Amino acid sequence: MSGGEFSHIPVLAGETVSMLAVRDGVYFDGTIGMGGHSRLLLEARPGIKIVGTDIDPEMATIATANLASYGDRAKVLCGSYAEAYRLLPEKGINSLAGVLLDLGVSSLHYDKISRGFAFKGEGPLDMRLDLSSRFTAEELVNDWPGNQIEKILRMCGENNSRRIVKAIEKARKSERIKTTTQLAGIIEKTVPSFYGRRTGSSTGRVHPATKTFMALRIAVNSEFENVEKGIKTLAGLVEEGGRIAVITFHSAEDRLVKNLFSSLVGTGTWKKITGKAVLPTEEEIKLNPRARSAQLRVIEKNNRGIYEQF
Ligand SMILES: C[S@@+](CC[C@H](N)C(=O)[O-])C[C@H]1O[C@@H](n2cnc3c(N)ncnc32)[C@H](O)[C@@H]1O
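Just so you know, we're using the working numbering here: the sequence shown kicks off at -5 and counts up by one.
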């Protein structure tokens, strides 16, 4: 499959490129996806190289094809950005001019029903980005104790978590919940759509299963653990004056990044470039509704030393 069958519009694109204050050197795009942001960075400055990674081999293949015209200025690896401290030195890269993490999943993951991230068509309840990872969403939903599922949903801001988990527990007694539409149907019957909150934008109401699907995806792919490990270890690879930019897509993830950035700033080695997170304009949200919950935060390294504590 080529990237052309699906499209992904880079979120907060102009803001990200300008706030990374691109200078000559090697940039790490830890969530390269279809290579949209990387392409913009490569275009912004001829003196930079990109090394990117994606945990999903399919995305790494697409990014490789999409960035092939940049020759040796763009190199794509397959793996987790949380393992960059190991992956990059293996390729002879020991320092970075800057880092970009555009967290979450790509439009392709939602559009490709067989991956199980969306409920607009019937797909297997899978949600793994890395097919060798520990468990699928089906295993989580059917085999985990209700209180653990509830904890995951609550952590991701689902106010109806108790109600949803009770319905899952009841449904899974009679048959295994195997598909995305089966799970979405159970939630829809439990949490009537009028509970769906307004997005505050032109895109209208959110489906009552949206937060549950997001929470399951985050748990299946250890997304919060990766953010924590990734930012702490990548901070050690960034050169003086280099920046880390992170785009998040929901408040719990943004809070995590904000706190990690604050503790780096607290060491005296980093400074904040963004006070408040940068948000997309209404115009961007109209063009790309998936941008509606995006938030961008950026920090810059002042001098070396204290990061070794991580
Ligand atoms: C929002 S998309 C990035 C889109 C990209 N910026 C672009 O413009 O095409 C996020 C990507 O991160 C990947 N991803 C998620 N967790 C990852 C991890 N721990 N390590 C590497 N890639 C990851 C997903 O597979 C997905 O392709």
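Ideal placement from N, C-alpha and C gives every residue a C-beta, glycine not left out.
None of these values were measured; they are calculated from a predicted model.
Margin query: Can you look up Val200 in the DSSP assignment and give me helix, strand or coil?
Written below: Coil, per DSSP.
Checklist line | Start-end ranges of the beta strand (DSSP E) lying completely within the segment 44 to 100, minimum 3 residues | finding: 68 to 72, 90 to 96
Checklist line | Buried versus exposed, by CB contacts within 10 Å (16 or more), Asn215 | finding: Using a 10 angstroms sphere on the CB of Asn215, the tally of other CB atoms reaches 16 or more, which defines it as buried.
Margin query: Give me the residue from Lys43, Leu125, Pro283 with the minimum Cα distance to Ser108.
Written below: Leu125
Margin query: DSSP three-state label for Lys160, please.
Written below: DSSP places Lys160 in helix when its eight states are reduced to three.
Check: From which residue to which residue does the alpha helix (DSSP H) around Val135 run?
Finding: Segment 131 to 137, the alpha helix (DSSP H) holding Val135.
Notebook entry, point to check: Is the CB-CB distance between Leu177 and Leu119 below 8 Å?
Noted result: yes
Next item on the list: Pull up the distance between the alpha-carbon of Ile3 and that of Phe22, whole angstroms please.
Entry: 19 Å
Check: Is the beta carbon of Gly307 less than 8 Å from the beta carbon of Asp18?
Finding: Beyond the ends of the chain as shown, which are -5 and 304, falls residue 307; an answer cannot be given.
Check: If you draw a straight line from the alpha carbon of Glu234 to that of Ala62, how long is it in whole angstroms?
Finding: Straight across, the Cα-Cα distance linking Glu234 with Ala62 is about 30 Å.
Next item on the list: Under the assumption that Ala239 contacts Leu290 (Cβ atoms under 8 Å), give the Cβ distance between them as a whole number of angstroms.
Entry: 6 Å
Next item on the list: Count the CB pairs spanning the segment 220 to 230 and the segment 152 to 163 that are closer than 8 Å, and state whether there are at least three.
Entry: no
Check: Comparing the CB of His31 with every heavy atom of ligand 1, is any distance shorter than 7 Å?
Finding: Flag set: Cβ of His31 near ligand 1.
Check: For Phe113 versus Ala203, is the C-beta spacing smaller than 8 Å?
Finding: yes
Notebook entry, point to check: Run through DSSP, which three-state label would Ala229 get?
Noted result: In the structure shown, Ala229 sits in a helix (DSSP, three-state: H, G or I).
Next item on the list: Report the option in Lys145, Val5, Leu97 whose CA atom is closest to the CA atom of Ala76.
Entry: Leu97
Check: Apart from the five residues just before and just after Thr227, which ones in its own chain have a Cβ nearer than 6 Å to its Cβ?
Finding: Tyr79
Margin query: So, under 8 Å CB-CB, Gly236 and Gly92 are touching, yes? Tell me the CB distance rounded to an integer number of Å.
Written below: 5 Å
Checklist line | CB of Ile212 within 8 Å of CB of Cys150, strictly | finding: yes
Note to self: Let me confirm a value: Thr275 is counted as buried when at least 16 other C-beta atoms fall within 10 Å, else exposed. Which label applies?
What the structure shows: exposed
Next item on the list: Look at Val259 and Lys265 and say whether their C-beta atoms are less than 8 Å apart.
Entry: yes
Next item on the list: Name the one or two DSSP bridge partners that Asp23 has.
Entry: Gly46, Leu94
Next item on the list: Report the rounded CA-to-CA distance for Gly110 versus Leu210, giving the unit in angstroms.
Entry: 11 Å
Next item on the list: Determine the direct distance from the alpha carbon of Ser257 to that of Ile117, and round the result to whole angstroms.
Entry: The displayed chain sequence assigns Gly, not Ile, to residue 117. Going by the C-alpha atoms only, they are around 41 Å apart.
Item checked: Glu294 - DSSP class collapsed to helix/strand/coil -> strand
Check: Using the beta-carbon count (16 or more within 10 Å), is Gly8 buried or exposed?
Finding: exposed
Notebook entry, point to check: Within 7 Å: the Cβ of Asp96 and any heavy atom of ligand 1?
Noted result: yes
Note to self: Within the continuous beta strand (DSSP E) that includes Lys265, where are the two ends?
What the structure shows: 264 to 266
Notebook entry, point to check: With burial defined as no fewer than 16 other Cβ atoms inside 10 Å of the residue's Cβ, what is the status of Arg199: buried or exposed?
Noted result: exposed
Item checked: Neighbour-count burial assignment, Glu217, 16 or more Cβ in a 10 Å radius -> Flag for Glu217 reads buried.
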